[in-house]
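Chains as they are written, first to last, in the working numbering: chain A, 5 to 350; chain B, 5 to 350. Below you'll find the structure, written out as structure tokens, and then a few comments.
Protein chains: 2
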Amino acid sequence: MSGSPERVTIKDVAARAGVSKGAVSLAFNHKPGVSEATRERIFAVARELGWTPSATARSLSSRRVDIIGLALCRPARLLGLEPFYMDFISGIESVLAERSCSLLLRLVRDLDEEIALYKEWWRGRMIAGAILVDFREDDPRVPSLQGLGMPVVAVGHPSLTGPFPAVWTDDASAVTEAVRYLAALGHRRIARVGGPADLGHSVIRARAFADTVRDLGLEEAPQVGTGFDEKEGARATRTLLLGADRPTAIVYDNDIMAVAGAGVAAEMGLTVPDDLSLVAWDDSQLCRITHPTLSAMSHDVHHFGAEVARVLFDVVAGMHTGGHQVPTPSLIPRGSTAPAPGAGPS
Amino acid sequence: MSGSPERVTIKDVAARAGVSKGAVSLAFNHKPGVSEATRERIFAVARELGWTPSATARSLSSRRVDIIGLALCRPARLLGLEPFYMDFISGIESVLAERSCSLLLRLVRDLDEEIALYKEWWRGRMIAGAILVDFREDDPRVPSLQGLGMPVVAVGHPSLTGPFPAVWTDDASAVTEAVRYLAALGHRRIARVGGPADLGHSVIRARAFADTVRDLGLEEAPQVGTGFDEKEGARATRTLLLGADRPTAIVYDNDIMAVAGAGVAAEMGLTVPDDLSLVAWDDSQLCRITHPTLSAMSHDVHHFGAEVARVLFDVVAGMHTGGHQVPTPSLIPRGSTAPAPGAGPS
Chain A
5 MSGSPERVTI KDVAARAGVS KGAVSLAFNH KPGVSEATRE RIFAVARELG WTPSATARSL
65 SSRRVDIIGL ALCRPARLLG LEPFYMDFIS GIESVLAERS CSLLLRLVRD LDEEIALYKE
125 WWRGRMIAGA ILVDFREDDP RVPSLQGLGM PVVAVGHPSL TGPFPAVWTD DASAVTEAVR
185 YLAALGHRRI ARVGGPADLG HSVIRARAFA DTVRDLGLEE APQVGTGFDE KEGARATRTL
245 LLGADRPTAI VYDNDIMAVA GAGVAAEMGL TVPDDLSLVA WDDSQLCRIT HPTLSAMSHD
305 VHHFGAEVAR VLFDVVAGMH TGGHQVPTPS LIPRGSTAPA PGAGPS
Chain B
5 MSGSPERVTI KDVAARAGVS KGAVSLAFNH KPGVSEATRE RIFAVARELG WTPSATARSL
65 SSRRVDIIGL ALCRPARLLG LEPFYMDFIS GIESVLAERS CSLLLRLVRD LDEEIALYKE
125 WWRGRMIAGA ILVDFREDDP RVPSLQGLGM PVVAVGHPSL TGPFPAVWTD DASAVTEAVR
185 YLAALGHRRI ARVGGPADLG HSVIRARAFA DTVRDLGLEE APQVGTGFDE KEGARATRTL
245 LLGADRPTAI VYDNDIMAVA GAGVAAEMGL TVPDDLSLVA WDDSQLCRIT HPTLSAMSHD
305 VHHFGAEVAR VLFDVVAGMH TGGHQVPTPS LIPRGSTAPA PGAGPS
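Set out below in structure tokens:
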């Protein structure tokens with residue numbers, strides 16, 4: 005354990021890092037003027053010495069530079085159940101903690117509340133910048149917040165996020181890979197259980213799914229929109245499996261719905277993967293402990309969150325930053341996918 | 005979707021709730037003077053009308069009344085993997101969202117940093133109160149923060165939390181129940197994989213475990229402290245199973261370690277539950293999707309977090325509040341526990 009952080013001063017940090025006190029201040033205030041390498045060295049030294057900028061070193065009348073805002077329009081329960089957002093937040097926090105910054109987290113009911121909240125936070129000088137997530141098509145946050153001058157990173161495809169610097173994954177390519185993989189296993193009726201139909205990334209995935217099904221000459225199969233939770237994932241799966249043309253494979257938009265879908269298959273006497281193949285999305289630890297294990301479109305969500313935070317600090321520091329694509333989810337085949345019933349392996 | 009929250013005024017909320025504007029203000033500022041029932045009615049109406057207190061309605065020079073602080077001395081990665089804190093935070097957020105409040109979340113490296121941070125947040129008028137977690141024995145936060153006048157809820161047993169109002173679960177009784185259950189199944193060598201040895205609740209569980217083992221005349225069996233993550237849970241399980249006196253049952257301090265332990269058992273050719281019984285703690289969805297499913301000491305962690313937030317609002321409002329115990333985790337027997345090898349059911 006390091007000594008008391010109150011004994012170490014900014015002078016000590018500057019001396020150890022071989023820079024001026026001003027450079028330490030610039031680094032911690034996320035202002036331009038120090039290179040990324042120097043900034044990282046300063047953070048490393050501060051961490052080693054246990055030093056953090058104190059209230060007295062910051063003018064309380066000016067804007068907070070050590071707080072980032074994140075509003076989520078999601079039910080509280082889902083936040084604790086769906087691994088995506090907590091893993092994403094853990095990635096954000098990993099970068100914030102290095103820089104002695106905090107996350108101001110709020111659950112909102114709708115985008116009107118979110119817009120009002122960001123205006124309040126920004127005008128109240130509460131936050132240095134904001135992370136916007138879950139973009140809709142024609143998202144009202146774009147016109148409402150772009151004139152504020154608030155540093156923003158938008159988590160979503162650049163076609164959705166207006167002028168804000170975007171960080172995104174290529175959902176369309178990932179969906180295409182999932183469908184092609186199942187088609188190669190001989191599946192002809194592939195359904196999809198998606199997220200809320202008004203989310204931009206749901207729309208992108210739905211389009212890519214329909215396009216790939218058509219391109220491959222597969223049977224047209226239903227896509228069902230849900231609220232991402234286990235119950236809706238189970239209900240959607242039950243509906244699909246009770247339909248006249250039962251699919252032989254289902255692609256899910258997250259992992260808890262795929263886990264629930266596997267449960268429904270068992271309850272209906274279907275064996276996964278012999279009778280039904282399942283592909284999950286996001287690939288948390290859940291996918292590795294089910295029986296059978298779940299094939300998934302896998303990406304490093306913690307790293308995704310960390311990248312979002314890093315890009316936001318660049319934006320706050322006034323560094324010119326364009327969009328930034330993180331790695332595309334890629335298929336990890338596990339025990340829940342197999343050749344379609346009656347089809348040999350391709 | 006409700007209309008724009010900027011069109012609805014505090015007057016509308018007061019009229020609809022049948023109270024004065026002042027009462028609405030008191031409710032949202034978490035001040036005494038309105039009953040809990042009235043407060044809840046005001047929140048319900050505000051929610052219905054889509055109204056939230058705006059920046060202009062709050063004096064920016066005064067203390068923020070709509071932000072609660074939470075510092076966690078945990079690795080960022082663990083926050084995304086261990087279901088406990090996600091579910092706990094989702095519970096806190098469920099209550100905060102109802103009251104249009106936000107959570108200021110920070111990961112800290114040690115308690116010195118945490119103490120300095122809370123002093124800064126409180127003196128900087130950033131937060132209305134704080135949630136302190138992961139108490140140690142002789143926790144330095146008690147002497148350092150008790151003189152601040154900051155409203156605090158301490159999540160931990162009252163023997164650890166000094167003068168702060170505490171919200172806690174009875175860990176000792178829960179450990180005793182777990183050991184008694186396994187002993188009733190004929191197990192004589194029961195080991196425990198615990199959390200970090202310096203955490204107060206680890207100490208309480210370790211003592212209760214040792215006491216129960218002695219009271220029941222069982223063989224003295226090892227308890228191993230870990231950092232709560234999967235790797236350490238796996239390593240501890242491997243060490244226990246390679247020892248001369250292999251235990252026939254293991255109690256874990258969370259669920260991801262129990263899941264990892266089940267994996268280690270399989271890797272060593274042991275069948276759960278025939279050769280080895282496992283009991284998890286906290287009982288997230290993980291325990292229900294493993295094969296076999298995991299018996300667990302189960303409690304509603306989301307509700308625990310919500311209770312903590314509610315008690316904190318009472319403290320902020322100046323309402324006298326003593327300690328508050330939430331329900332004790334209770335055993336949910338599932339597929340990972342069975343009579344000890346060679347023992348009949350008791």
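Note that CB positions come from ideal geometry on N, CA and C, so glycine has one too. No experiment lies behind these values; they were computed from the predicted model shown.
Under 8 Å from the C-beta of residue i: neighbouring residues of chain B
i	result
residue 83 (chain A)	90, 93, 94, 97
Partner residues on chain B for residue i, Cβ-Cβ distance less than 7 Å
i	result
residue 286 (chain A)	In chain order: nothing, as chain B lies at least about 11 Å away.
Rounded distance between the beta-carbons of residue j and residue i, thought under 8 Å
i	j	result
residue 162 (chain B)	residue 327 (chain B)	5 Å
residue 314 (chain A)	residue 99 (chain A)	6 Å
residue 80 (chain B)	residue 94 (chain A)	5 Å
residue 192 (chain A)	residue 223 (chain A)	5 Å
residue 288 (chain A)	residue 87 (chain A)	4 Å
residue 217 (chain A)	residue 183 (chain A)	6 Å
residue 12 (chain B)	residue 54 (chain B)	6 Å
residue 342 (chain A)	residue 302 (chain A)	With a Cβ gap of about 18 Å, residue 342 (chain A) and residue 302 (chain A) do not count as contacting.
residue 69 (chain A)	residue 132 (chain A)	5 Å
Any chain A beta carbon closer than 8 Å to residue i
i	result
residue 34 (chain B)	no
residue 109 (chain B)	yes
residue 306 (chain B)	yes
residue 134 (chain B)	no
residue 341 (chain B)	no
Any C-beta of chain B under 8 Å from that of residue i
i	result
residue 106 (chain A)	yes
residue 20 (chain A)	no
residue 64 (chain A)	Reliability fails at residue 64 (chain A), whose pLDDT of 40 lies under 50, so the model's placement of it is uncertain and the value that follows must be treated cautiously. It does: the Cβ of residue 64 (chain A) has a partner Cβ on chain B nearer than 8 Å.
Residue i: contacting residues in chain A (beta-carbon distance under 8 Å)
i	result
residue 101 (chain B)	80, 110, 111, 112, 113
7 Å Cβ cut-off: residues of chain A touching residue i
i	result
residue 56 (chain B)	117, 120
Tell me, please, whether the region 330 to 340 of chain B touches the region 105 to 113 of chain A by the rule of three or more beta-carbon pairs shorter than 8 Å.
Note that the region 330 to 340 of chain B does not touch the region 105 to 113 of chain A; fewer than 3 beta-carbon pairs, one per stretch, sit closer than 8 Å.
Specify whether the region 140 to 152 of chain A and the region 170 to 182 of chain A touch according to this definition: at least 3 beta carbon pairs, one from each stretch, less than 8 Å apart.
Touching, no.
According to a CB-to-CB cut-off of less than 9 Å, which residues of the region 233 to 266 of chain B neighbour chain A?
Listed by position along the chain: 234, 260, 263, 266.
Report the residues of the region 114 to 126 of chain A with a CB closer than 7 Å to any CB of chain B, ordered along the chain.
Cβ contacts with chain B come from 114, 116, 117, 120, 124.
Just checking, does the region 251 to 261 of chain B make contact with the region 229 to 237 of chain B on the three C-beta pairs under 8 Å criterion?
Yes, they touch.
The region 289 to 302 of chain B: which residues have C-beta closer than 7 Å to a C-beta of chain A, in chain order?
Cβ contacts with chain A come from 289, 290, 293, 294, 295.
Below 8 Å, how does it come out for the region 293 to 301 of chain A and the region 68 to 80 of chain A: are there three or more Cβ pairs, yes or no?
Cβ pair count under 8 Å is below three, so no.
Given 8 Å, three or more beta-carbon pairs between the region 267 to 276 of chain B and the region 236 to 254 of chain B:
Touching, yes.
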